[in-house]
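Below is one structure; the comments refer to it alone.
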Amino acid sequence: MQQVLIVAPHPDDDIIGCGGSIAKHRKAGNQVTIMHMTSGDAGGIQYTKEELAALREDEAQKAAEHLSVNNLIFLRIADGYIEFNKENLIRITSIIRDIKPDIVYIPHSQEGNRDHRVTHQLLMEACHRAGTPYFPECGTQPWKVTTILGYEVWTPIQNVDYSEDISEFIEQKLAALQMHLSQLEYYRYDEAIKGLNRYRGIMTTGCDYSECFTLLKITM
Ligand SMILES: [Zn+2]
């Protein structure tokens, strides 16, 4: 059994980037934890930030349930303002040493959204630090993550390193994505993601649907 950590800057990035892979991991009996950096409180202006954060955390819970995941962590960093700083590095490195993931999924480095890029930088550094015999403020047992994969959300990956066949799980993924009603009311990006996964399936492995990744780290 593998420990898998999915890191989402905003609720729904997890499902968009790797919802099918999450369902596949769960079917294989692997443990999955989804960590939400923000609760997406900037994703709309018709609610207060508190109302929207509560609504989107609820949507994230429902989406995760569709993928048989019930381990969720909400860091509740302000949406749009994720910083590469001491506080965030300590929190995230501590979580990695605590959860001990074998595989970590993060946004790929070229995402256009700023929160996505900073999340990428924070996780790359935190995974590195977690494996060292330093930083006792983050826990006293080093943990080396063996695999880090970069997923695509709003900016398609230019050079794909790895493609996962999710044909069997595409309906489950879309059902989970449709739990994010507060976001889908702006535009039907679930249709766009289905199209991207279909394109990836045909153009990479020749299957019906796939999710593509950049390979950021792999060690045996
Ligand atoms: Zn996002």
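Numbering (my numbering), first residue to last: 5 to 224.
We put the beta carbon where it would ideally sit given N, CA and C, even for glycine.
Check	Outcome
Local conformation of His40 per DSSP, three classes	strand
Residues near Ile94 in its chain [Cβ-Cβ closer than 7 Å; skip 5 each side]	Glu141, Cys142
Leu219, buried or exposed, once every other Cβ within 10 Å from all chains shown has been counted against 16	exposed
Residues that Val108 bridges to, as DSSP identifies them	Leu9, Ile152
Heavy atom of ligand 1 within 7 Å of Ile17 beta-carbon	Reading off the sequence, residue 17 comes out as Asp, not Ile. Yes, since a heavy atom of ligand 1 falls inside the 7 Å radius drawn around the Cβ of Asp17.
Cβ neighbour criterion (16 or more within 10 Å) applied to Glu63	buried
Stretch-stretch touch, CB-based, cutoff 8 Å, three pairs: the segment 73-83 with the segment 33-53	yes
Ser167 vs Leu59 beta-carbon contact at 8 Å	no
The segment 64-71 touching the segment 93-107, judged by at least three CB pairs closer than 8 Å	no
Closer than 7 Å: Pro105 CB and nearest ligand 1 heavy atom	no
Contact set for Thr123: own chain, Cβ-Cβ below 7 Å, skip 5 residues either direction	Val11, Pro13, Met41, Ile86, Ile110, Pro111
Thr151 versus Lys104, Ile222, Glu215, residue with shortest Cα-Cα distance	Ile222
Residues of its chain near His70, where Cβ-Cβ distance is below 7 Å and the 5 sequence neighbours each way are ignored	Gln176, Ala179, Ala180, Met183
Any non-hydrogen atom of ligand 1 within 7 Å of His14 CB	yes
Distance CB(Ile170)-CB(Gly44) smaller than 8 Å	no
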